[in-house]
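These notes are about the structure you will find just below.
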Amino acid sequence: MPLGEAVPDEARIALEEHFAKHGEPTEEARARVQEAIQTTGVGRPVPIEDAQANRAALAYLDG
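Note that this note's numbering has the sequence shown beginning at 4, numbered continuously upward.
Below, the structure is given as structure tokens:
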């Protein structure tokens with residue numbers, strides 16, 4: 004599994020060691036991970052209204 008440049012060195016090394024010990028993930032495992040990522044919304048842009056509401060909530064909590 005090629006690792007992108009955005010992966011920090013420590014994470015890249017840990018993944019390479021894991022794959023060396025346990026092998027590459029199966030296509031089924033990759034599909035499950037991809038589905039989980041899409042379900043959680045990781046990497047999707049946050050609508051501006053949500054970002055503004057989040058900032059307002061944090062400002063309120065910060066006092």
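For every residue, glycine included, the Cβ atom is placed at its ideal position computed from N, Cα and C.
Under the three-state DSSP convention, the category T29 falls into: Numbered from 1 along the sequence shown, position 26 holds the residue referred to as residue 29. T29 falls in the coil class under three-state DSSP.
Three-state secondary structure (DSSP) of V1: This structure does not reach residue 1, given that the chain is present from 4 up to 66, and the question cannot be answered.
K24 versus A14: straight-line alpha-carbon distance, rounded: Here residue 24 is taken as the residue at index 21 of the sequence shown, counted from 1. Here residue 14 is taken as the residue at index 11 of the sequence shown, counted from 1. Those two C-alpha atoms are separated by around 15 Å.
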